[in-house]
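According to our numbering, the sequence shown is numbered sequentially starting from -9.
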Amino acid sequence: MKRLSVDELKRANARHLWHPMASPHASQHAPPDIIVRGDGSWIWDVDGHRLV
């Protein structure tokens, strides 16, 4: 199986996964964040951003 780039992963996420709190049209133009890990109250997205 081919490993997807971050951009490909975001596009696939917007196309194939249902996000009930987001407009499907908006998700195509600004894909939702993809969370990859957490530690305590911190989470990290696929781009490496640390969020509370």
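Just so you know, even glycine gets a beta-carbon here, dropped at the ideal spot from N, CA and C.
Top-ranked residue by Cα proximity to residue i, from the options
| i | options | result |
| --- | --- | --- |
| A4 | R27, K(-8) and P14 | P14 |
| R27 | R(-7), R1, D37 and L(-6) | D37 |
| L7 | K(-8), R(-7), D23 and S(-5) | D23 |
| E(-2) | I33, A12 and Q18 | Q18 |
| D29 | R1, V(-4) and R40 | R40 |
Helix, strand or coil at residue i according to DSSP, with G and I counted as helix
| i | result |
| --- | --- |
| R(-7) | coil |
| L(-1) | helix |
Cβ separation of residue i and residue j, assumed to be a contact under 8 Å, to the nearest whole Å
| i | j | result |
| --- | --- | --- |
| W32 | V42 | 7 Å |
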